[in-house]
Every structure is written in structure tokens, then in C-alpha cells.
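Q: Keeping their order, the protein sequence lines are chains A and B. Just so you know, this note's numbering puts 7 at position 7 of the first sequence, and the rest follows in order with no gaps. Just so you know, this note's numbering puts 145 at position 34 of the second sequence, and the rest follows in order with no gaps.
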Amino acid sequence: QKEVEQNSGPLSVPEGAIASLNCTYSDRGSQSFFWYRQYSGKSPELIMFIYSNGDKEDGRFTAQLNKASQYVSLLIRDSQPSDSATYLCAVNTGTASKLTFGTGTRLQVTL
Amino acid sequence: GAVVSQHPSRVICKSGTSVKIECRSLDFQATTMFWYRQFPKQSLMLMATSNEGSKATYEQGVEKDKFLINHASLTLSTLTVTSAHPEDSSFYICSAPPGQGHLGEQFFGPGTRLTVL
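What follows is the structure in C-alpha cells.
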């Protein structure tokens, strides 16, 4: 079983819609959770992090964490074509700053 | 914000040669840096953790004698791919946790695309 799982996609949403990206993890000891965006040929850039159960909002982005279900998600409201990228979920289990990445979900925002 | 640079951004080399990639933290000190490798359409795979002033910690399956890591200062880590072969062609990315960041937070360099002919 993979430690961090994501649907590879592509997830296609029309411009202006809400994109919902999901991630599950296997280690119950995981403490912090990160969403990175990666454009083709580029390195990842941090979008959000979340530590506590519930929702965390930042602009058009909302991260949701449910530790009981070992599930973290990212919602993107008012999706824009520039949001088209691969979104990587990353989990830290508390070992220094070491991260385990999912395989990423490719998001396509269509006009 | 924390800035991490890498050099070179792209390198093409012949099989059997060695390639050195530099990773620098520009506006903060990094006692730890991470080296990742990413093959096309795959996720980031952690290769090793670079520790300033001590030996790097390699992930299972990563050959430490092939991927030499040196973290000689608080702002510089280098990865040397020795005797590179075509199967080493990949996107190599370094990252560093900011000094006052949250546990697990990392800032990534722009990456180095290695092509071995």
C-alpha cells in the first residue's frame, strides 16, 4: 500500500468551477500535510499546509483535513486556466522535515 | 520568503562522466537539505537528506557511492552523479526547510534537468 495516494487524473473542470483534489495517507502518526502545485518542467511550489482537523482557507484555496479518515483535500474555487497543473499532496510523519509525496493529480481547467 | 537556487538548470553529458549539481539557500541557513529525483510523469522521490557537517542519509535503494552529497556550509549542498548513465537522466530537485518554518515545510529549488547521452 502506498503511503500517500492520489488519483492521477486528469481532473477536468470548467473555468469558474470548483476543483476538488483528494489525498489519503496510511501513517496515522502523520502530523502535517502540504499541497504543492507543479507546472510541467518546473519544481513544486507550496500552496498550503494544514495541521489540524477541519478547514483552512487561503484565498481561492481551502485545505480540509480529517485525521480519523486519514484524508486531506484541496478545494480550488473559481478555477482558472492558470490553475492547470499537477497538484502534489505531501505528508510529514514527524521525522524532522522529511516529506512523503503522492503521485500527484493533474488538473485541467478548460475554457 | 525563503529562496533556494540550483545550478545548473540543465545539463547534458556523456555516459560515464560525473555531474555536480549545487543547491543554495539564498536568504536563510539550512542545516538540512533534501535531494529528490523525479522521472517523467512520476512523483518526487526522496533520494537523500543532506546534513551540514555530517554524512548524508540515503533512502533505501539509493547508491551512496553513485550519488555523492556534500553539505559543506549552511547555505550549500552539492549532489554529484558519478559515472552517469542514461538511466540517471531525470529532474533533480533540492529543497530546504526554512529556519522558522513549520514542521515539514520545505522550499524547493528550481530543479536541474540531467540528460545523459
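C-beta: ideal position from N, C-alpha, C; glycine also.
Check whether the Cβ atoms of B:Tyr-203 and B:Gly-222 sit closer than 8 Å, and answer yes or no.
A: Yes; because the gap between Cβ atoms is below 8 Å, this pair is in contact.
Q: Can we say the stretch 84 to 96 of chain A touches the stretch 4 to 17 of chain A, given the rule of at least three CB pairs closer than 8 Å?
A: Yes, since at least three Cβ pairs between the stretch 84 to 96 of chain A and the stretch 4 to 17 of chain A fall closer than 8 Å, the two stretches touch.
Q: Could you check whether the Cβ of B:Glu-133 sits closer than 8 Å to any Cβ belonging to chain A?
A: No, B:Glu-133 lies away from the interface with chain A (no Cβ there is under 8 Å from its Cβ).
Q: Using the three-state DSSP reduction, which class does A:Ser-32 fall into: helix, strand or coil?
A: If DSSP states are grouped into helix, strand and coil, A:Ser-32 belongs with the strands.
Q: At the 8 Å Cβ level, is A:Leu-99 part of the contact set with chain B, yes or no?
A: It does; some Cβ of chain B falls within 8 Å.
Q: DSSP three-state label for B:Glu-198, please.
A: Of the three classes helix, strand and coil, the one that applies to B:Glu-198 here is helix, per DSSP.
Q: With burial defined as no fewer than 16 other Cβ atoms inside 10 Å of the residue's Cβ, what is the status of A:Lys-148: buried or exposed?
A: Since the displayed chain A opens at 1 and closes at 111, residue 148 of chain A lies outside it and no answer follows.
Q: Name, in chain order, the residues that DSSP records as bridge partners for A:Leu-21.
A: The partner list for A:Leu-21 (beta bridge, DSSP) reads A:Leu-74.
Q: So A:Leu-88 contacts chain B; which residues on that side make the cut at Cβ distance below 8 Å?
A: The contacting residues are Ser-154, Leu-155.
Q: Taking any Cβ of chain A, which residues in the stretch 137 to 148 of chain B have a Cβ under 7 Å from it, in chain order?
A: Listed in sequence order: Thr-143.
Q: Given this structure, state the Cα-to-Cα distance separating A:Lys-56 from A:Ala-63, to the nearest angstrom.
A: Distance between the alpha carbons of A:Lys-56 and A:Ala-63 is about 5 Å.
Q: Does the Cβ of A:Val-4 have 16 or more other Cβ atoms within 10 Å, making it buried, or fewer, making it exposed?
A: Label assigned to A:Val-4: buried.
Q: Just list the residues that DSSP pairs A:Asn-7 with in beta bridges.
A: Bridge partners of A:Asn-7: none, in fact.
Q: Please work out which residues of its chain come closer than 7 Å, Cβ to Cβ, to B:Val-186, disregarding the five sequence neighbours upstream and downstream, and give them in chain order.
A: Looking at the sequence shown, residue 186 of chain B is not Val but Thr. Arg-135, Ser-136, Gln-140, Ala-141, listed in sequence order.
Q: Give, in chain order, every unbroken run of the beta strand (DSSP E) that is at least 3 residues long and sits entirely within the stretch 129 to 180 of chain B.
A: List check, beta strand (DSSP E) in window: 130 to 136, 143 to 149, 156 to 162.
Q: What whole-angstrom Cβ distance do B:Ser-161 and B:Ile-180 have, given they're in contact under 8 Å?
A: Sure, about 5 Å apart at Cβ, within 8 Å.
Q: Using the beta-carbon count (16 or more within 10 Å), is A:Asn-53 buried or exposed?
A: Per the 10 Å Cβ criterion, exposed.
Q: Where in the stretch 47 to 74 of chain A do unbroken runs of the beta strand (DSSP E), each at least 3 residues long, occur, reported from the N-terminal end onward?
A: Entirely contained in the stretch 47 to 74 of chain A, the beta strand (DSSP E) runs reaching 3 residues are, in chain order, 54 to 58, 61 to 66.
Q: Under 8 Å between C-beta atoms, does A:Thr-44 make it to chain B?
A: The sequence shown places Pro at residue 44 of chain A, rather than the Thr named in the question. Chain B, which has a Cβ nearer than 8 Å to the Cβ of A:Pro-44, makes this yes.
Q: Got a sec: is the Cβ-Cβ distance from B:Glu-163 to anything in chain A below 8 Å?
A: It does not; no Cβ of chain A falls within 8 Å.
Q: Is it buried or exposed, B:Thr-226, if we count other Cβ atoms within 10 angstroms and call 16 or more buried?
A: Flag for B:Thr-226 reads exposed.
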